[in-house]
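Enquirer: Below: one structure in structure tokens.
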Amino acid sequence: MIEQLARDGGTPVRTDPLPSTMDASGRRFGDDEVKAVERVLRSGMLSGTWGTEVPALELEFASLLGAGHAVACSSGTAALHLAVAAVDPDPGDEIITTPISDMGTVFPIMMQNAVPVFADVDPITGNLTPETVAAAITPRTKAVIVVHLFGKPAAVRELRELCDQRGILLIEDCAQAYLAPVGDSYVGRIGHIGCFSLQQTKHISAGDGGLTVTDNAEHARRMRLFADKGWPRDTDERTYLFLALNYRMTELVASVTRAQLTKLRSVVADRRTTAARLSSAIADLAGLTTPPDGGDHVYWQYPLIVSEAAGDLREWAAALTAEGVPANGGYLSSPLYAAPAVRDRITYGRSGFPLQDVEYPPGLCPNAEELIGRTLLVLPWNENYTDSDVDDIAAAIRKVHRALEPR
Ligand SMILES: *Cc1c(COP(=O)(O)O)cnc(C)c1O
């Protein structure tokens with residue numbers, strides 16, 4: 003007999019909420035962060051322009067990743083905007099990116115008046131591939147922004163080789179992939195520029211904040227200026243060298259981030275350990291594909307591919323959530339190119355600029371549409387999950403699998 007699902011009035015597998023990034027249960031904010039904030043407040047200097055915390059964070063983050071330069075800013079979206087500004091596209095130039103990400107990957111392209119070109123993704127990982135990117139390159143392509151979705155590195159070495167061959171820049175959006183290894187390096191260090199977010203739900207957080215890394219001194223200087231109205235504070239002149247806004251990080255954010263950085267390795271290790279426990283606990287279930295992990299996935303979230311044979315995606319998400327294991331069907335409601343701002347060109351007044359000459363029709367990226375519409379089940383993941391939390395998640399998945407499997 004099949005146990006009744008909580009959705010249908012049965013007893014849920016779990017009634018205690020799992021640790022979550024939405025409160026202290028799933029965040030590692032402690033005495034170090036409290037001391038950091040107090041140190042800054044008592045110093046009387048809260049601005050990174052004259053303070054010590056932002057420069058110290060930049061040195062520490064660059065050194066953690068083995069990068070020549072790090073530039074701090076106010077969000078992950080700002081970090082990506084800094085990177086696009088370093089590319090410095092002419093209006094109408096193209097930047098290739100993915101339809102499955104946070105919109106913070108795409109809007110910086112449009113804000114700099116360049117055109118996002120969406121390449122399709124791998125049907126399991128949801129990452130751009132060298133093949134799909136190669137097929138999207140045109141004479142107007144200036145750069146590629148690759149996302150390491152949910153913490154799984156994309157084939158970034160091959161992408162770098164492709165970009166070098168074609169004379170374009172590679173930007174890595176590592177907002178979901180802190181310290182994900184690529185050979186003996188990390189994501190963010192294979193492309194020309196790596197971008198990171200400190201938003202509430204990422205591996206480490208200070209509420210909001212962003213970081214970029216690069217080895218290129220010119221790109222670093224351009225990004226620093228772009229975060230500060232183009233104001234060259236390293237000279238005596240009060241002048242503004244190019245069009246730019248204020249994306250500065252504050253001392254409070256930098257001090258909390260410095261404390262968080264000391265915990266990053268253990269956050270990643272703990273997420274990997276519990277994710278491996280779940281993957282082995284459900285490995286035998288027909289129709290489910292656990293995330294491919296060559297020792298390199300850092301599990302911002304835990305993505306599971308549900309084949310049609312295993313049941314309907316949205317039903318899976320609702321049934322698991324009812325069991326006390328929150329799950330999200332598809333990650334996004336639609337690919338990024340189907341959002342009104344992009345597809346309907348809701349941009350600058352009624353101009354539609356810079357998208358006036360492009361169309362993003364349904365079916366543009368079939369693998370991405372299949373993932374979002376039918377196969378991608380996303381479980382929030384957390385460094386504070388215990389083995390028993392993971393055993394509950396596995397039990398809920400097994401229960402829903404028994405009940406929803408068509409027979
Ligand atoms: C979170 C995220 C962003 C945006 O970062 P914010 O700090 O929220 O602006 C961009 N790209 C990806 C892949 C993200 O996960």
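Using this note's numbering, you'd call the opening residue of the sequence shown number 3 and step up by one each time. Ideal Cβ placement from N, Cα and C applies to all residues, glycine included. Since the structure is predicted, the reported quantities are computational estimates derived from the model, not experimental observations.
Specify, as a first and last residue, the run of the beta strand (DSSP E) that Gln-303 falls within.
Expert: Residues 303-308.
Enquirer: Thinking just about the alpha-carbon of each residue, which of Gly-50, Ala-69, Arg-191 is nearest to the one in Arg-235?
Expert: The residue with the shortest Cα to Cα distance from Arg-235 is Gly-50.
Enquirer: Would you give the residue range spanned by the alpha helix (DSSP H) that Cys-165 belongs to?
Expert: Run containing Cys-165: 158-168, per the alpha helix (DSSP H) assignment.
Enquirer: From this set, Ala-398, Asp-124, Phe-31, which residue's C-alpha is nearest Ala-370's C-alpha?
Expert: Per the Cα distances, Asp-124.
Enquirer: By Cβ distance, which residues of its chain are closer than 7 Å to Gln-155, with the 5 residues on each side in sequence left out?
Expert: In the sequence on display, residue 155 carries Pro and not Gln. Around Pro-155: Ala-179, Ala-182, Val-184, Val-189, Asp-298.
Enquirer: Under 8 Å between the Cβ atoms of Ile-206 and Ile-173?
Expert: No, the pair does not count as a contact, with Cβ atoms beyond the cut-off.
Enquirer: Please work out which residues of its chain come closer than 8 Å, Cβ to Cβ, to Ala-324, disregarding the five sequence neighbours upstream and downstream, and give them in chain order.
Expert: Result list for Ala-324: Leu-7, Ala-8, Arg-9, Pro-14, in chain order.
Enquirer: Alpha carbons only, please: which of Asp-104, Glu-133, Gly-193, Pro-91 is nearest the one belonging to Thr-2?
Expert: Shown here, the chain extends from 3 to 409; a query on residue 2 therefore has no answer.
Enquirer: So, Pro-356 versus Pro-93, is the Cβ gap smaller than 8 Å?
Expert: A contact, by the Cβ cut-off of 8 Å.
Enquirer: In chain order, what residues of the same chain have a beta carbon less than 6 Å from the beta carbon of Arg-16, not counting five sequence neighbours either side?
Expert: Here the set comprises Gly-326, Asp-394.
Enquirer: Can you grab the Cα-Cα spacing for the pair Thr-275 / Asn-384, in whole Å?
Expert: Their backbone Cα atoms lie some 11 Å apart in a straight line.
Enquirer: Which of the three DSSP states, helix, strand or coil, is assigned to Asn-129?
Expert: Here Asn-129 sits in coil by DSSP.
Enquirer: When a residue counts only if its C-beta is closer than 5 Å to some heavy atom of ligand 1, which residues count, in chain order?
Expert: That gives Ser-77, Gly-78, Thr-79, Ser-103, Asp-104, Gly-106, Thr-107, Val-149, Asp-175, Ala-177, Gln-178, Ser-199, Gln-201.
Enquirer: Whole beta strand (DSSP E) runs in the segment 153-232 with 3 or more residues, listed along the chain?
Expert: With a minimum length of 3 residues, the continuous beta strand (DSSP E) runs that stay inside the segment 153-232 are 171-175, 195-199, 212-216.
Enquirer: Do Cys-197 and Cys-176 have their C-beta atoms closer together than 8 Å?
Expert: Yes, they are a contact pair.
Enquirer: Does the segment 111-122 come close enough to the segment 254-270 to have 3 or more Cβ pairs within less than 8 Å?
Expert: Output reads no: the segment 254-270 does not touch the segment 111-122.
Enquirer: How many angstroms separate the CA atom of Phe-109 from the CA atom of Phe-31?
Expert: When rounded, the distance between both Cα atoms is 31 Å.
Enquirer: Per DSSP, which residues does Leu-379 bridge with? Please list them.
Expert: Answer is Leu-306, Gly-331, bridged to Leu-379.
Enquirer: Report the partner residues of Val-146 according to the DSSP bridge assignment.
Expert: Val-146 is bridged to Ile-98, Leu-172.
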